[in-house]
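J.:
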Amino acid sequence: PRAVPRRRRPMGTRGRLMVVWYFLLIRPQRAQAKKRAETLSAIRRGDQVVTAGGLVGKVTKVVDDKELEVEIADGVRVRVVRSGIADVRVKGEPVKADAA
Numbered sequence: 182p183r184a185v186p187r188r189r190r191p192m193g194t195r196g197r198l199m200v201v202w203y204f205l206l207i208r209p210q211r212a213q214a215k216k217r218a219e220t221l222s223a224i225r226r227g228d229q230v231v232t233a234g235g236l237v238g239k240v241t242k243v244v245d246d247k248e249l250e251v252e253i254a255d256g257v258r259v260r261v262v263r264s265g266i267a268d269v270r271v272k273g274e275p276v277k278a279d280a281a
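Following my numbering, the residues of the sequence shown are numbered contiguously, the last one being 281.
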């Protein structure tokens, strides 16, 4: 009798491919999302930020966990949600306890 060649199981190939996807795609995305969340939660008064719309301004007040007040020009202040911040350009000086 003739020997029938064994076929590889496609599930093994798929499993290896899923492991590669995890290390090349999913894991770096999670790390990037974690870093962004840390950056957004660390925003404080005096930081220079760029909004998702491209406006550059200085944080004048942290309203609450989700909103900031940003001065985009002299005397022009807007409220921005934290998720609308694209980048923190310059970190401000820490606020003194007696100034708060």
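Beta carbons are placed, not taken as given, at the ideal position from N, Cα and C, and that holds for glycine.
Give the DSSP-derived three-state secondary structure of residue 236 in the structure shown.
T.: Counting from 1 along the sequence shown, the entry for residue 236 is found at position 55. Reduced to three states, the DSSP call for residue 236 is coil.
J.: Nearest CA to the CA of residue 231: which residue from 250, 216, 194?
T.: The residue you call residue 231 lines up with position 50 of the sequence shown. Of the candidates 250, 216, 194, the one whose C-alpha sits nearest the C-alpha of residue 231 is 250.
J.: Confirm, please, whether the CB-CB distance from residue 257 to residue 248 is below 8 Å.
T.: Position 67 of the sequence shown, counting from 1, holds the residue named residue 248. Position 76 of the sequence shown, counting from 1, holds the residue named residue 257. No, they are not a contact pair.
J.: Does the count of Cβ pairs from the stretch 223 to 237 and the stretch 202 to 212 closer than 8 Å reach three?
T.: The answer is no - the stretch 202 to 212 does not touch the stretch 223 to 237, with fewer than three Cβ pairs under 8 Å.
J.: How far does the beta strand (DSSP E) with residue 221 in it reach, from first residue to last?
T.: Locating residue 221 in the sequence shown gives position 40, counting from the first residue. First-last for residue 221: 208 to 222, but that is the alpha helix (DSSP H), not the beta strand (DSSP E).
J.: Does the Cβ of residue 268 have 16 or more other Cβ atoms within 10 Å, making it buried, or fewer, making it exposed?
T.: Taking the sequence shown and counting its residues from 1, the one referred to as residue 268 is at position 87. Counting Cβ neighbours within 10 Å, residue 268 comes out exposed, since fewer than 16 surround it.
J.: Extract the residue ranges of the beta strand (DSSP E) inside the stretch 244 to 273, only unbroken runs of 3 or more that lie entirely within it.
T.: Fully enclosed beta strand (DSSP E) runs of 3 or longer: 248 to 254, 257 to 262, 266 to 271.
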